[in-house]
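Below is one structure; the comments refer to it alone.
Residue numbers (our numbering), protein chains in the order written: chain W, 251 to 729; chain D, 9 to 498.
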């Protein structure tokens, strides 16, 4: 390994180094603000480094190309926002706060490794780094029953999904005799007939199962609502964005590199998973009155939409997926940001009733939430609209009519529950004449962040050209 | 450039009007009024400058073309011709009316109300002016959220139900249109190798008859729901019975304008053969809609629902005119759309005025108003007569042309549709009979029309009379539709 390789790894090294630094700082003296500031600066430095580092393959495990750098930048930006959300959230709660940031950084590191991995070993390593840190994060408020329950649930299910993954990797190794994606691609290309793939195909499906758990695709989605409900709101945002984003980047790369999309049977499996996720996510959300659960179901549906782009797997599909992911990050972070701001020290603001008449008490917050929900529903002027448009365009391009028809129908169902929340926000306060008292603004910094997210949301929804250009000149190149 | 200003003024007005309501609601109202009036004046200026000289024109009278999302070949492309000019004028005129009507009807969240109102008007103008199909779809969808808010915040008891129903119907149909739009886009790409949403370019797309039919159905779904036509109309009465009068004016009149316009501008020229194939079905649906809505209107007890069904009946005529397949009927359809927007809109305002006085929308609980509010009752009679198609008022001209045009194509259909005009007489007269005539059981002692109400309704009445007595300017302007407009025009 040469110096240039180390330089290429700079984003990973910076985040890893920051986590050690925060640990050391805790050892010297516990201070929430210091840990927070270190985390922010580490993530910011890592983010900036993605613009300058040279692209290289570093060891057979990691490929630091523009694709990886783009997703790493996105993941670090999301972690940055989540760290912001966490600061005020943790400050109002009991217990030690500093280790939270260590876990946050380590989990981000795991997701970043996934974005760069082109080898099953780095895939497994990345997933485990991410998962182990997440167990801690989800159950971070360990004196409370709900986070603890969610943590254990996640531990068991993530553990079993890792087992599936390991089994799948073993099968592929037995067939191919190598663990890098390129070797799998050669093996598939060499065997056009597809007769002697008895091990490769089941292996891929098992890997898909493992990935499906992480992405919360139906029918592997059962844990999602419980974990989102139990986890602290910022952590739920992390699970929904960084954890899934890293995993998704990996899935997309695996499919485009290995050419696994040439198997009609695999495509059929993917279609079924995508359709099931879109329908299950949107239908189950109809019966929920808990905002965090609604967001969980909504994220299941969104992963289903994203899978449509994987399946299309053309240049258009990949860029559509990247754009969608950016939009999805913004709206999920914004939505959980609002939940975080409204949460009191005792419990998270997750009941639908907590949002009744929010517009009349804190209009700014209600409008941010409305924008995020409408974007999740794919309404114009927001990034969510263009993202959905892009996915439908990619689907129409490869004539996947059934998939986009399901997408359209299920997103209309989805609209119903988003509107239900929006309607609550604008409901008149309980009794006439009584002027609703404005809520105190607990965390001005988070409000600023939320305003930024909303600006991005609308900016990308109206003038997407710069972002599209960035995506096409980075992500588009892997083809 | 002026076309860009039209939208910019509305959106900027909305954004400014919103926070100003905190200082004083009057500020917000004045800004909104200023924005729509300014737009109206600008369009009148355009009309006087470009359309007066009788030049039949070879292109768009006004055009604006900016790159928007070059990666997809999406342009910010607006164009104005005779057809869009007429409907833009109508939209802005009714927008001014809507702002004035809301002047003291709306007391809560005044700023947000006007923001939504102006955004809807901007969306409708976007639909009427777009020459890029993506921009068209964008504007089409842009109207929905503000409309949802107008119904769900300033509506009556079951407003949330009505608002969500409205949103789901229109959104689902809109997404079907999106699929169709993208299918057309990629079909065009495959045959030419160019990614574009340009109206002019897509006009000549080579499509197999089957593909053209499916794509056309996708577009038709969106237009049919928003117009609305039977059997996709059920959201309209629900929404109208819950929303306020000014909201209904926009919901029933202006949304229908945008949908009918979209059919004439996009559906007919883009898929002439598919439209021709499907037109018998659409004509039958239109006639069923005319008769069915007349029967339902007759049996409604809620004033707003009655008017909503009357509106569906008129829109059945519009459908008939669009799908009858000749120029006469098409002109009649445009005329009906304009007259319908004014007469039905005015009826909603009258119903709003009644509701403000007697605090009810139920016909049974009104009765005998003529003695106490003669002026209001007289005005209501005029608009009810317009709705039933009395000669001398705008609706008559449109429906007459449609019936003549249809007669040339399908005699039986024209005969049955004419019965619809007759049926309209029943519900219109029942409305007048029950609400205004008869003994004053409730001993109403009510204030008659306030100056502001009288002014609005008076202006609407004058316009309706003008359309009915001297409709020539409308047809002349229509004749100046750019020559890319449907071949039927000429």
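We put the CB at the ideal spot given by N, CA and C, even for glycine. Being a predicted model, the structure only gives us computed values, none of them experimental.
Hey, how far is the Cα of residue 81 of chain D from the Cα of residue 575 of chain W? Going by the C-alpha atoms only, they are around 22 Å apart.
Between residue 160 of chain D and chain W, is there a C-beta pair that is closer than 7 Å? Interface residue, yes.
For residue 617 of chain W and residue 300 of chain W, what's the separation of their Cα atoms in angstroms? Distance between the alpha carbons of residue 617 of chain W and residue 300 of chain W: 33 Å.
Excluding the 5 residues flanking residue 464 of chain W on each side, which residues of the same chain have their C-beta closer than 6 Å to its C-beta? Excluding positions up to five away in sequence, the list reads 497.
Against chain W: residues of the stretch 65-90 of chain D by CB proximity under 8 Å: Listed by position, the residues of the stretch 65-90 of chain D near chain W (Cβ gap below 8 Å) are 76, 77, 78, 79 and 80.
Look at the alpha carbon of residue 266 of chain W and the alpha carbon of residue 356 of chain W, and state the distance between them as a whole number of angstroms. Their backbone Cα atoms lie some 7 Å apart in a straight line.
Under the three-state DSSP convention, the category residue 316 of chain W falls into: If DSSP states are grouped into helix, strand and coil, residue 316 of chain W belongs with the helices.
Let me see if you follow: with CB-CB separation under 7 Å, is residue 493 of chain D close to chain W or not? Per-residue confidence for residue 493 of chain D stands at a pLDDT of 49, beneath the threshold of 50, marking its modelled position as unreliable; the derived number appears in the next sentence. It does not; no Cβ of chain W falls within 7 Å.
Segments of 4+ residues assigned as alpha helix (DSSP H) that fall wholly inside the stretch 262-294 of chain D: Runs found: 263-270.
Report back the beta-carbon spacing between residue 257 of chain D and residue 353 of chain D to the nearest angstrom; my notes put them in contact at under 8 Å. Yes, residue 257 of chain D and residue 353 of chain D are in contact; Cβ-Cβ is about 4 Å, under 8 Å.
Measure the alpha-carbon distance for residue 222 of chain D versus residue 635 of chain W and round it to whole angstroms. Rounded to whole angstroms, residue 222 of chain D to residue 635 of chain W spans 24 Å at the Cα level.
In angstroms with no decimal places, state the Cα-to-Cα distance between residue 436 of chain W and residue 449 of chain W. Roughly 15 Å between the two C-alpha positions.
Taking C-alpha atoms, which residue in D:295, D:253 and D:226 lies nearest to residue 420 of chain D? Distances from the alpha-carbon of residue 420 of chain D to those of D:295, D:253 and D:226 put D:295 closest.
Is residue 75 of chain D buried or exposed, if buried means 16 or more other CB atoms sit within 10 Å of its CB? Under the 10 Å beta carbon count, residue 75 of chain D is surrounded by fewer than 16 other beta carbons and is classified as exposed.
So, does the CB of residue 227 of chain D fall closer than 7 Å to a CB anywhere in chain W? No - not a single Cβ of chain W is within 7 Å of the one on residue 227 of chain D.
Any beta-carbon of chain A closer than 7 Å to the one on residue 716 of chain W? The chain inventory of the structure shown lacks chain A, comprising the protein chains W and D.
Check for me: the alpha helix (DSSP H) holding residue 87 of chain D runs from which residue to which? Unbroken run through residue 87 of chain D is the beta strand (DSSP E), 82-88; no alpha helix (DSSP H).
Nearest to residue 9 of chain D by CA position, among D:342, D:487, D:269 and D:71, is which residue? If we check each option's Cα against that of residue 9 of chain D, D:71 comes out closest.
Any beta carbon from chain D within less than 7 Å of residue 706 of chain W's own beta carbon? Contact of residue 706 of chain W with chain D is not assigned, every C-beta pair being separated by 7 Å or more.
How would you call residue 12 of chain D, buried or exposed, if buried means at least 16 neighbouring beta carbons within 10 angstroms? That one is exposed.
Ignore the nearest five residues each way along the sequence and tell me which others in residue 538 of chain W's own chain have a CB closer than 7 Å to its CB. Excluding residues within five positions, the ones whose Cβ falls inside 7 Å are 544 and 547.
Does any C-beta atom of chain D lie closer than 7 Å to the C-beta of residue 430 of chain W? Residue 430 of chain W is outside the set of residues whose beta carbon lies under 7 Å from a beta carbon in chain D.
Check this for me: beta carbons of residue 404 of chain D and residue 413 of chain D, under 7 Å apart or not? For the 7 Å CB-CB criterion, residue 404 of chain D and residue 413 of chain D do not form a contact.
Integer-rounded CB distance, given that residue 314 of chain D should sit under 8 Å from residue 435 of chain D: So it is a contact: roughly 7 Å between Cβ atoms.
For residue 302 of chain W and residue 294 of chain W, the rounded distance between their alpha carbons: Rounded to whole angstroms, the separation of the alpha carbons of residue 302 of chain W and residue 294 of chain W is 13 Å.
Is it the case that the Cβ atoms of residue 487 of chain W and residue 354 of chain W are separated by a distance below 7 Å? No.
Excluding the 5 residues preceding and the 5 following residue 627 of chain W in the sequence, name in chain order all residues of the same chain whose CB lies nearer than 8 Å to its CB. So the qualifying residues of the chain are 634, 661, 664, 665, 668 and 669.
From D:36, D:275 and D:385, residue whose alpha carbon lies closest to that of residue 228 of chain D: Nearest C-alpha to residue 228 of chain D: D:275.
Kindly confirm or deny that the stretch 106-123 of chain D and the stretch 50-59 of chain D touch, where touching means at least three C-beta pairs closer than 8 Å. Taking a contact to require three or more Cβ pairs closer than 8 Å, the stretch 106-123 of chain D and the stretch 50-59 of chain D do not qualify as touching.
Using a C-beta to C-beta distance shorter than 7 Å, which residues of chain D count as neighbours of residue 647 of chain W? Those within 7 Å of residue 647 of chain W in chain D are 194.
For a contact meaning CB atoms closer than 8 Å, what does residue 673 of chain W contact in chain D? Under the 8 Å cutoff, chain D gives 160, 168, 171 and 172.
For the stretch 580-639 of chain W, which segments carrying the beta strand (DSSP E) assignment without a break, of at least 3 residues, lie completely within its bounds, in sequence order? Segments of the beta strand (DSSP E) lying fully in the stretch 580-639 of chain W: there are none.
Short check: CB of residue 493 of chain W to CB of residue 608 of chain W, under 7 Å? Residue 493 of chain W is not a Cβ neighbour of residue 608 of chain W, given a cutoff of 7 Å.
In this structure, does DSSP put residue 307 of chain W in helix, strand or coil? Residue 307 of chain W carries a strand assignment under DSSP once its states are collapsed to helix, strand and coil.
State buried or exposed for residue 453 of chain D, treating a residue as buried only when at least 16 other CB atoms are found within 10 Å of its CB. A residue is called buried when at least 16 other Cβ atoms come within 10 angstroms of its Cβ; residue 453 of chain D does not meet this threshold and is exposed.
Unbroken beta strand (DSSP E) run spanning residue 70 of chain D, endpoints: Looking at the DSSP string, the run of the beta strand (DSSP E) that includes residue 70 of chain D is 70-77.
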